[in-house]
Amino acid sequence: MKIIYLLAYIMIMSVCTFSLSGCNRSGTADVEVAPEDNVPINSNPTKIPDSGLHGKQDWDSSNIELDSDIHDAEIITIGFVQVGHESAWREAATESVLDTFSRDNGYELMFIDSDNNSDYQKQAAMQFIEQKIDYLIIDPIVTGGWDNVLKAAKEAGVKVFVIDRTIDCDESMYEAWFGSDFEAEGEAAGAWLEAYLKDKGREKEDISIVTVAGTKGSAARKGRTKGFSKYIKKNDNWTKLAEKDGEFTKESGKRIMEEFIIKYGKIDVVVCHNDNEAWGAMEALDEAGITYGMGGDTILISFDAVYESLEYVLSGKINADFECNPLSAPYIEDAIRRIESGRHVVSKTNYIDEACFQAENNVYTIEYAGRTSKMITVTEQVLKSRAY
Ligand code: GYE
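In structure tokens form, the structure reads like this:
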């Protein structure tokens, strides 16, 4: 059993890029974004100050050599390539990894915030593999294009875990995946909308729907669309007017909702693929004078169910919110401990439990994806019980 030491290196690889705003040719950037081209990943980590990980950080770009003794053969090193910091959900997921692989639990963690740039994320993963880490945890921005990374990891003997979003590859290329059943989340939203409209006596009414989708190519976006589409297909009186890819951000939610309002005016149902997009859509609807939520002209559905959004559900601004649990890290830690003690990981694909929330207490259970879920009507008590 290898001894697990306590060292936490969190690397925010700050690489300037020559984006349209912020960066000048000297390479000093107002805004740090991931490279637009194949800017070589910095080979030495930048040790971050104690201010933590929230949002973008203007880190000192001077690099600090990894202390040579941390590569003692006894130490288990873990590299984590995170999607970015685009949403409240993402920050909760990052905190879960940091809390789980923390000093108290005795891990050395190296962390990359890929800022929603898939090329950069893959380059960073290769960088970790070259540094001969023991475990690589990937939360893939998009499902495709991971063959080289996974092959390099296998050849280097680096064990891979996938968290949250999924990767298009043979399951032999990784130890296990822990995350959400995104298609089931989409089906839950469709099943709830059916029941909600029935309760309102609108099951035969023509219903117009738009979707502010998540990041193009991401598993969450693909799954939620696939699941919800089954209900659009099933209900002839439902019409999907449009679906447009956002980036799981408030800005993209507002921008896309503004476009929908200009094009369609009043819309019966707005589906946002995450809470940050829903918050942006709410701003656009407010500015257009369109009412939404409980008693409003527009039904607003969201995914993630982070605390701030459940407050909006409690206040009736969001009609229903379908949880996407960001707390997968403890499951990966358990799997690592199993491997380290010579036991097998339970299974390759591991869905974590999630709940369905509503503002009005008028839909009691929903049947979808082969299961029955109780709709949780949000109260102050429910809010108090939330971990994130
Ligand atoms: O819904 C969103 C985040 O991959 C499930 O990514 C995750 C999604 C989540 O930006 O808030």
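Residue numbers for the sequence shown follow the numbering used here, beginning at -3 and rising by one.
By construction, the Cβ of each residue, glycine as well, lies at the ideal position given by its N, Cα and C atoms.
DSSP beta-bridge partners of Val208: Under DSSP, Val208 forms a beta bridge with Lys240 and Cys268.
Reference Thr221, options Ile295, Thr73, Gly186 and Thr235, closest by Cα: Closest in alpha carbon position to Thr221, among Ile295, Thr73, Gly186 and Thr235, is Gly186.
Contact shell at 5 Å, judged by CB to any heavy atom of the ligand GYE, ordered along the chain: Result: Glu82, Ser83, Trp85, Arg86, Asp160, Arg161, Ala216, Phe244, Asn270, Asp300 and Cys320.
Enclosing beta strand (DSSP E) for Phe174 [first to last residue]: Per DSSP, Phe174 belongs to the beta strand (DSSP E) from Ala172 to Gly175.
Residue environment, Gln119, which counts as buried when at least 16 other CB atoms sit within 10 Å: Buried is the call here.
Pair within 8 Å by beta-carbon distance, Val101 and Ile137: According to the sequence shown, residue 101 is Asn rather than Val. No, the pair does not count as a contact, with Cβ atoms beyond the cut-off.
Where the alpha helix (DSSP H) containing Arg217 begins and where it ends: Its alpha helix (DSSP H) spans residues Ala215 to Lys230.
Simplified DSSP assignment, three categories, for Ser369: In the structure shown, Ser369 sits in a strand (DSSP, three-state: E or B).
Host alpha helix (DSSP H) of Ser92 (start-end): Per DSSP, Ser92 belongs to the alpha helix (DSSP H) from Ala84 to Thr96.
Ile(-1) to Ile72 span [Cα, whole Å]: Bear in mind that a pLDDT of 46 at Ile(-1), under 50, signals an unreliable position, so the number given afterwards is only what the model happens to contain. So the two alpha carbons sit approximately 8 Å from each other.
Own chain partners of Gly366 with C-beta closer than 6 Å, once the 5 adjacent residues on each side are dropped: The answer is none, since no qualifying residue turns up.
Gly210 vs His269 beta-carbon contact at 8 Å: For Gly210 and His269, yes; Cβs fall inside 8 Å.
Contact check, Glu82 vs Phe256, beta carbons under 8 Å: It is not a contact, given that the beta carbons lie outside the stated cut-off.
6 Å Cβ shell around Phe318 - same chain, five flanking residues per side excluded: When the five nearest sequence neighbours on each side are left out, the beta carbons in the same chain lying within less than 6 Å of the beta carbon of Phe318 are those of Glu181, Ala184, Ala185, Phe299 and Cys352, in order along the chain.
As assigned by DSSP and simplified to three states, the class of Ile328: Note: Ile328 maps to helix in three-state DSSP.
Run of the alpha helix (DSSP H) containing Gly186, from where it starts to where it stops: Per DSSP, Gly186 belongs to the alpha helix (DSSP H) from Phe178 to Asp195.
Same chain only: Cβ atoms within 6 Å of Ser98, ignoring 5 sequence neighbours per side: Taken in chain order, the list of residues that qualify is empty.
Helix, strand or coil at Ser305 according to DSSP, with G and I counted as helix: Ser305: helix per DSSP, three-state reduction.
One or two residues paired with Asn358 in a DSSP bridge: DSSP output for Asn358 lists no bridge partner at all.
Three-pair Cβ contact test at 8 Å for the stretch 279 to 296 versus the stretch 234 to 244: Taking a cut-off of 8 Å on C-beta distances, the stretch 279 to 296 does not touch the stretch 234 to 244, as fewer than three cross pairs fall below it.
Straight-line Cα distance separating Glu273 from Leu296: Their Cα atoms are separated by approximately 11 Å.
Ser396 versus Lys313 - alpha carbon distance: Only positions -3 to 384 of the chain appear in this structure, which leaves residue 396 out of reach.
Straight-line Cα distance separating Glu350 from Lys370: Rounded to whole angstroms, the gap between the alpha carbons of Lys370 and Glu350 is 11 Å.
Within 8 Å, strictly: CB atoms of Ala215 and Thr139: In contact: Ala215 and Thr139 (Cβ atoms closer than 8 Å).
Closest residue to Ile348 among Asp160, Phe107, Glu279 and Gly261 (Cα-Cα distance): Measuring from the Cα of Ile348, the nearest candidate turns out to be Asp160.
Where Gln117 sits in the DSSP three-state scheme: Reduced to three states, the DSSP call for Gln117 is helix.
Proximity of Lys262 and Ile286 at Cβ, strictly below 8 Å: Between Lys262 and Ile286, the CB-CB gap stays under 8 Å.
Proximity below 8 Å, CB of Leu132 to CB of Met169: Not a contact, by the Cβ cut-off of 8 Å.
Euclidean distance between Cα positions of Ser92 and Asp232: Each residue's Cα considered, the two are about 42 Å apart.
Beta-carbon contacts of Glu470 that lie in its chain and below 6 Å, excluding the five residues immediately before and after: With the chain covering only -3 through 384, there is no way to say anything about residue 470.
Buried or exposed by the 16-neighbour rule on C-beta atoms within 10 Å, applied to Thr96: Buried.
Distance, Asp330 Cα to Gly80 Cα: One alpha carbon belongs to Gly80, the other to Asp330, and they sit about 24 Å apart.
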